[in-house]
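Residue 225 in numbering that gives the first Met the number 0 is what sits at position 226 of the sequence shown, and the numbering runs on without skipping anything.
Even for Gly, the Cβ is constructed at its ideal location relative to N, Cα and C.
Take a look at the structure set out below.
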Amino acid sequence: MYDFFNFLMERYQEKQKFFGPVRSFLWPQLDVDIMLPLSTILTFRKRLKVEISWDQLSMDCSPTFCVAGFWNPFVIFRSRSSRRRRRLHSLGLAAMPEKRPFERLPADVSPINYSLCLKPDLLDFTFEGKLEAAAQVRQATNQIVMNCADIDIITASYAPEGDEEIHATGFNYQNEDEKVTLSFPSTLQTGTGTLKIDFVGELNDKMKGFYRSKYTTPSGEVRYAAVTQFEATDARRAFPCWDEPAIKATFDISLVVPKDRVALSNMNVIDRKPYPDDENLVEVKFARTPVMSTYLVAFVVGEYDFVETRSKDGVCVRVYTPVGKAEQGKFALEVAAKTLPFYKDYFNVPYPLPKIDLIAIADFAAGAMENWGLVTYRETALLIDPKNSCSSSRQWVALVVGHELAHQWFGNLVTMEWWTHLWLNEGFASWIEYLCVDHCFPEYDIWTQFVSADYTRAQELDALDNSHPIEVSVGHPSEVDEIFDAISYSKGASVIRMLHDYIGDKDFKRGMNMYLTKFQQKNAATEDLWESLENASGKPIAAVMNTWTKQMGFPLIYVEDEQVEDDRLLRLSQKKFCASGPFVGEDCPQWMVPITISTSEDPNQAKLKILMDKSEMNVVLKNVNPDQWVKLNLGTVGFYRTQYSSAMLESLLPGIRDLSLPPVDRLGLQNDLFSLARAGIISTVEVLKVMEAFVNEPNYTVWSDLSCNLGILSTLLSHTDFYEEIQEFVKDVFSPIGERLGWDPKPGEGHLDALLRGLVLGKLGKAGHKATLEEARRRFKDHVEGKQILSADLRSPVYLTVLKHGDGTTLEIMLKLHKQADMQEEKNRIERVLGATLSPELIQKVLTFALSEEVRPQDTVSVIGGVAGGSKHGRKAAWKFIKDNWEELYNRYQGGFLISRLIKLSVEGFAVDKMAGEVKAFFESHPAPSAERTIQQCCENILLNAAWLKRDAESIHQYLLQRKASPQAV
Ligand code: BES
Ligand code: ZN
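What follows is the structure, given as structure tokens:
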């Protein structure tokens with residue numbers, strides 16, 4: 000054995016010359032993989048007591064052995080074959096393993112309390128862990144099955160209460176299932192006991208589990224923090240655990256960390272003492288958590304400053320920022336301090352922990368994560384600099400804070416029983432974040448923005464054949480990852496908004512309180528929420544809502560009217576709305592649709608509310624004059640689209656021009672028409688005419704939605720040779736409002752004016768509007784020369800404009816600004832517009848930049864996505880780039896949800912049938928399990944685009960030409 004080790008050391012030293020400090024390498028001769036902190040081994044070599052059987056080494060599992068106690072050196076052997084399989088799989092290259100049926104963990108042993116001590120090594124990127132779990136054996140067994148992934152167990156034992164410890168004799172890792180089975184030589188009898196596990200793992204760079212996040216100190220030194228992201232199924236990468244949302248327990252967490260670092264976890268610190276073996280370390284102990292799910296556990300070790308306050312209801316709130324940037328935490332701190340009492344009142348349930356920390360993490364995959372008491376954020380979702388942050392960033396921070404704090408009740412206190420009910424968490428939080436922001440910032444008119452941000456986005460996705468029901472059965476982690484999508488979030492939020500409107504705020508609040516009180520510290524399913532709301536309101540909630548959550552899609556309501564003396568008769572019918580055109584086939588699904596009807600007599604008030612529970616219905620509106628218009632879906636609250644008879648539509652259009660229709664109704668009408676055109680139900684030219692009627696439009700959100708649809712149309716027409724004509728159209732539609740707004744804010748203007756100005760100037764600049772382009776260039780020059788710094792709200796539109804119409808020098812300047820930028824917000828702002836650059840050579844440069852060290856790993860997606868959305872050539876180049884760099888990209892995100900976003904952003908803009916085939920074929924040979932549905936949706940969208948183009952391109956072209964020949968006053 001001694002020889003074995005000498006040999007090992009020699010090999011290691013050789014490798015080290017080549018790789019630098021290596022923590023893990025393959026040792027070919029013995030077919031083993033050795034992962035070990037070797038520097039420690041060199042020091043403690045003499046203390047190694049090596050006992051290993053060669054049989055074990057060739058086993059297809061991970062034989063491990065440990066030496067000399069807990070925090071001391073250890074060596075791990077793992078058979079090469081098992082490792083290699085795992086690596087290949089992570090590259091997406093392995094032959095797809097046969098999918099075994101997914102099984103939840105057995106219920107024979109479950110945790111009561113986890114006592115968990117972790118010791119991260121911020122230089123070596125490893126961690127050591129010691130778990131002592133109070134567990135209950137419900138049924139006698141000689142094995143314990145837990146979740147465990149990318150972790151090596153060193154020792155494990157179980158001590159029944161008052162009895163002798165039994166050492167586990169085998170750890171059988173089922174890598175594909177992310178489970179480990181601990182086998183014991185004797186039976187564990189029913190009763191309680193302590194399960195002890197010592198283990199080690201890697202602080203990975205995949206932004207999941209317990210991972211490292213890179214930051215630069217104010218003096219320019221690169222360092223790493225150790226942070227966590229466990230949702231949905233990655234707590235198992237930090238410690239062996241029962242990693243299912245319904246298996247709740249309490250947690251006593253302690254962290255052994257360098258004494259100059261901040262150590263945070265879900266609860267407040269209760270003890271901090273020197274670590275006996277190393278004077279540079281301290282052990283920080285946190286108070287016991289309430290009963291909670293594993294995915295909400297969190298810890299952070301790094302260097303941070305903070306700002307602090309106490310909310311009206313007595314909770315200590317802190318916002319942690321990078322060192323030297325505490326000021327930038329103030330805005331979020333204010334929002335959080337206002338939000339906690341707001342939710343306490345709304346739910347009538349107090350926040351149950353003594354503190355809440357909000358912390359900005361440099362490398363972070365999601366936008367933010369609601370860990371109980373320690374909410375983690377991307378820097379751009381938390382930090383606001385009074386001078387350098389734009390209005391949309393403030394609004395985003397407010398929404399994200401509102402969202403994550405809502406989860407502290409809805410998700411953390413009451414948790415979904417299984418991921419099938421994920422939408423309860425995410426849909427609800429995505430709805431109530433708006434309620435909260437509306438409370439904190441009424442001037443944002445945030446509910447109107449809900450419609451363009453969530454409602455229409457959800458309808459766009461849900462009209463596809465490859466959508467899915469809100470409640471969807473999921474098992475394997477990749478299936479769970481997949482449902483963090485616009486259906487769970489935006490459709491979820493939209494149907495809750497519709498439900499809230501149907502029930503009324505008072506009963507809704509009462510029902511929420513009943514639900515949260517009844518299920519606190521427990522788990523709940525969708526039906527449980529319906530039951531509480533039904534009890535509170537006396538309305539048939541489950542019957543109505545099941546039609547929205549258990550089946551995918553939503554209805555198109557067709558309506559025509561007839562004047563019958565003093566009354567108006569409406570004939571309504573519903574059919575599933577499909578992005579590909581009218582529903583064909585038998586058994587069209589049906590919905591129970593709460594419908595509101597308004598008339599021009601009082602456009603802001605529902606004249607009638609009905610529940611449409613059949614496929615066809617006639618409704619009589621009493622006392623409606625023949626010259627009045629009648630509209631469905633006041634406030635665009637019902638989750639359906641409306642198709643009016645020509646006569647009804649004709650009567651509504653003047654309401655757009657004279658603004659007598661409320662803003663959110665104007666928005667909804669335009670959006671419905673646009674998607675009817677995309678589905679081939681009406682002609683796109685009709686929609687262009689309607690768009691021209693928005694000439695007097697003052698509302699930011701209405702413009703924003705219109706702009707988004709025009710963007711979709713521009714992308715489509717970039718496949719034709721009359722792209723320039725549609726740019727002319729964009730310029731015509733946007734110049735009047737551009738002129739009204741000008742470049743500089745006027746006295747008395749507010750948040751929405753700033754957003755509108757940025758939107759309009761960006762649109763005009765991008766379309767090549769001459770005056771806008773000139774002014775953008777002038778202001779950009781002054782900005783770069785330091786003569787006049789651009790206000791934060793003008794930066795995106797100016798950067799976009801000058802880049803799109805600029806050259807290599809402009810790109811160089813932008814990249815320089817990027818390098819100099821101290822705020823991540825500014826870096827992101829630049830990254831997002833880089834794709835606007837037009838020359839193939841510069842596009843390639845931007846793509847290379849996307850994968851460089853300059854761009855944080857989570858932001859690569861928006862750079863590549865920006866290239867794909869920026870131009871016709873960019874689209875092709877981005878797709879080629881993804882194919883060429885697939886391994887690196889897939890590996891970077893380990894298949895998480897960012898890979899789906901990347902794919903969606905990059906391929907959805909194609910409009911040629913054969914591209915759907917190409918995309919499909921590529922992913923058949925390069926599987927991305929968590930993006931499977933996204934890929935199908937993308938292929939469907941490509942085919943829809945192609946059909947749309949074939950159907951309408953010619954008539955659009957004719958219309959644009961004719962418009963140019965005889966310009967009408969728009
Ligand atoms: N629970 C999620 C975070 C998350 C997202 C975990 C995806 C795992 C996968 C969090 O509450 C969330 O929804 N964050 C949003 C931001 C929010 C304001 C919509 C996000 O990350 O995009
Ligand atoms: Zn959420």
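Candidates the options: closest to residue i by CA position
i	options	result
glutamate 939	Ala952, Gln961, Gly737, Met914	Met914
aspartate 781	Lys769, Ala770, Val797	Val797
arginine 640	Lys575, Ser682, Val701, Tyr699	Lys575
alanine 485	Pro239, Ala148, Ala692, Leu463	Leu463
isoleucine 736	Gly747, Leu758, Thr800, Gly749	Leu758
alanine 367	Val918, Ala405, Val436, Gln188	Ala405
threonine 595	Gln589, Ala605, Asp586, Asp601	Ala605
phenylalanine 124	Val226, Ala133, Ser109, Glu282	Val226
tyrosine 501	Leu833, Val636, Leu687, Val255	Val636
glutamate 559	Leu569, Phe553, Asp565	Leu569
Neighbour-count burial assignment, residue i, 16 or more Cβ in a 10 Å radius
i	result
arginine 677	buried
leucine 960	exposed
proline 275	exposed
cysteine 65	Since pLDDT at cysteine 65 reaches only 34, below the 50 mark, its modelled position is unreliable, and the value read off the structure follows with that caveat. Per the 10 Å Cβ criterion, buried.
asparagine 603	exposed
valine 619	exposed
valine 299	buried
leucine 122	exposed
lysine 613	exposed
alanine 775	buried
glutamate 127	buried
glycine 667	buried
threonine 42	Any reading at threonine 42 is ruled out, since the residue's pLDDT is 35, under 50, leaving its predicted position unreliable.
proline 184	exposed
threonine 700	buried
asparagine 698	buried
Beta-carbon proximity check, residue i vs residue j, cutoff 8 Å
i	j	result
lysine 871	alanine 835	no
arginine 831	serine 861	yes
serine 790	arginine 828	no
isoleucine 482	valine 494	no
serine 674	glutamine 458	yes
valine 400	alanine 359	no
tyrosine 889	alanine 920	no
lysine 521	valine 663	no
alanine 541	glutamate 526	yes
glutamate 615	serine 645	no
Supposed close pair residue i, residue j - CB separation, criterion 8 Å
i	j	result
aspartate 704	glutamine 669	7 Å
lysine 284	glycine 895	Wrong, their Cβ atoms sit about 32 Å apart, outside the cutoff.
valine 199	isoleucine 153	7 Å
alanine 231	asparagine 265	Going by Cβ atoms, the distance from alanine 231 to asparagine 265 rounds to 18 Å, so no, they are not a contact pair.
phenylalanine 440	alanine 492	About 18 Å; that fails the 8 Å criterion.
threonine 288	tryptophan 371	7 Å
leucine 846	glycine 807	Rounded, the Cβ-Cβ distance is 15 Å, inconsistent with contact.
threonine 293	aspartate 242	5 Å
alanine 876	leucine 715	Not really, about 19 Å apart at Cβ, beyond 8 Å.
leucine 904	glycine 864	3 Å
cysteine 240	asparagine 146	6 Å
valine 255	arginine 271	At roughly 11 Å, the Cβ-Cβ gap does not stay under 8 Å, so valine 255 and arginine 271 are not in contact.
alanine 535	methionine 513	6 Å
glycine 908	arginine 855	24 Å between Cβ atoms; not a contact.
Residue(s) in a DSSP beta bridge with residue i
i	result
leucine 610	Pro593
alanine 367	Tyr376
arginine 271	Val283
arginine 640	Leu555
threonine 308	Val316
arginine 656	Answer by DSSP bridge pairing: none, since arginine 656 is not bridged.
Neighbour flag for residue i against chain C, beta carbons, 8 Å
i	result
threonine 293	In the structure shown, chain C does not exist; there is a single protein chain.
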